[in-house]
Amino acid sequence: MKLKALAILFVITLMVCNAQETRPGPQPPPETGEKFKVGIAGYTFVKFDLDKTLETMKALDVHYLCIKDFHLPMTSTDEEIAAFHAKLKANDVTGYAVGPIYMKTEAEIDKAFEYAKRVGVKLIVGVPNVELLPYVDKKVKEYGFKYAIHLHGPDIKIFPDAEDVWNHTKDLDPRIGMCLDVGHDTRNGKDPVADLKKYHTRVFDMHIKDVTAPTKLGYSIEVGRGIIDFPALVKMIRKVGYKGVCSLEHERNQEDPFMGIAESLGYFRGVIETTKE
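When you line the sequence shown up against mature numbering (1 follows the signal peptide of the UniProt record, and there is no 0), it's residues -19 to -1, 1 to 258, in that order.
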C-alpha cells in the first residue's frame, strides 16, 4: 500500500515538474519586431526623480527614454553623465534623445548641442526661436545631429503644428525636422495621421498622447479616451516606415500619473497588436 502511494506521489511530482517546465514565459511587448520603438518622454515624470522613473519603466517593460534636464542637468559633469547612463543600463533603458529644450539665443543653442554631445545622443528635441533656425542649421551641419522641433499646438506662438514646422524647415538641412506631438497637432485643428503621411520624411520623434477636443480647450487625457484615431495612426506609422520612437508623454494628474501611464501604454500596445496584418 505504501509503495502504491509512493508511486502515485512520484507520478504527480513528475506531472507538476513537467507542467512547470512547459509553462510559457512572459510574452514580449507587441512592438517587438516593429521598425518603430515605444518609449516615454521624460516630461511624463516631471514630479519624480530618476529612480522612480526607471522603476516605473521597468515595471511597464519600456526601454527608451527621452532625457529631460531635470533628470540630467545640462551642467552635469562627465562623471555625473556616466553615472546616469550606468543607472539607465542597470534598468535596461536607453536614453535616445534630449529635450525638449527651449532655445532663445545662439548661446543656448550652443549649450544644447554640446550637452547632447556629452550625453552621447544624436537627436535633440528642441524649441528654438524662429529667427534662430539658420543658426540651428549651422550647428546641425557642424555636429551631424538630427534636430526635432517640438510642436506645441495653440499654447505658444511658434511651431503650433506639423505644417508650420514643415514650412519653417523644408529648405533647411534635411536633418532638421519635427517631434510630431499627436495631441498638440490635434489641438491645433490638424489630423496627425494625415500630417504623418505628408511630412514623414522630417518626423524624427513622436510624442504619443490623447486629447479631448481639436481646439485649445482640448486637454491631455489617457490614450484611448480622447478623439485621436490610434488604429489609423499606428497603421500610418507602419506605412511610412517610421523608425524612431513613439514616446508616451502623459500630462494628466502629474502628482500621481502611474495608473494613467499604464492605461495609456496598455491601450497603445493593444492597438499595435490588433492592427498587425
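Glycine is no exception: its CB is placed at the ideal position from the N, C-alpha and C atoms.
Since the model is a prediction, treat every value here as computed from it, not as a measurement.
Check: Per DSSP, Met187 is paired with what?; Outcome: Leu161 and Cys227
Check: What are the boundary residues of the alpha helix (DSSP H) that Leu114 is part of?; Outcome: Leu114 to Tyr124
Check: Can you give, in chain order, each stretch of the alpha helix (DSSP H) that sits fully within the segment 126 to 181 and has at least 4 residues?; Outcome: 143 to 150, 163 to 168 and 173 to 180
Check: Does the beta-carbon distance from Val106 to Pro141 come in below 8 Å?; Outcome: no
Check: Between Asp73, Lys70 and Val117, which lies nearest to Lys92 when the distance is taken from Cα to Cα?; Outcome: Val117
Check: Mind checking whether Ile48 and Val111 have CB atoms under 8 Å apart?; Outcome: no
Check: Given a threshold of 16 other Cβ atoms within 10 Å of its Cβ, counted over all protein chains shown, does Tyr96 qualify as buried or as exposed?; Outcome: buried
Check: Quick one: what's got a C-beta closer than 6 Å to Gly205's C-beta in the same chain, skipping five residues either side?; Outcome: Tyr248
Check: List the endpoints of the continuous beta strand (DSSP E) containing Leu198.; Outcome: Looking at the DSSP string, Leu198 is not in any beta strand (DSSP E), and its letter there is neither H nor E.
Check: Measure the alpha-carbon distance for Asp176 versus Met38 and round it to whole angstroms.; Outcome: 29 Å
Check: Kindly indicate which three-state DSSP category Val106 falls into: helix, strand or coil?; Outcome: strand
Check: Given a cut-off of 8 Å, decide if Glu236 and residue 260 are closer than it, judged by their beta-carbon atoms.; Outcome: Any answer about residue 260 is impossible in this case: the structure gives the chain only from -19 up to 258.
Check: Are the beta-carbon atoms of Leu113 and Ile139 separated by less than 8 Å?; Outcome: no
Check: Out of Tyr223, Phe126 and Tyr83, state which residue places its alpha-carbon closest to the alpha-carbon of Val108.; Outcome: Tyr83
Check: To which residues does DSSP link Ile21 through a beta bridge?; Outcome: Leu46 and Leu229
Check: Can you list, in chain order, the residues of its chain with a C-beta nearer than 6 Å to that of Val(-4)? Leave out the 5 residues immediately preceding and following it.; Outcome: With a pLDDT of 48 at Val(-4), under the threshold of 50, the predicted position of this residue should be treated as unreliable, though the coordinate-derived value follows. Nothing meets the Cβ criterion.
Check: Mapping the DSSP letters down to three states, classify Val74 as helix, strand or coil.; Outcome: coil
Check: To the nearest angstrom, how far is the alpha carbon of Tyr124 from that of Thr58?; Outcome: 20 Å
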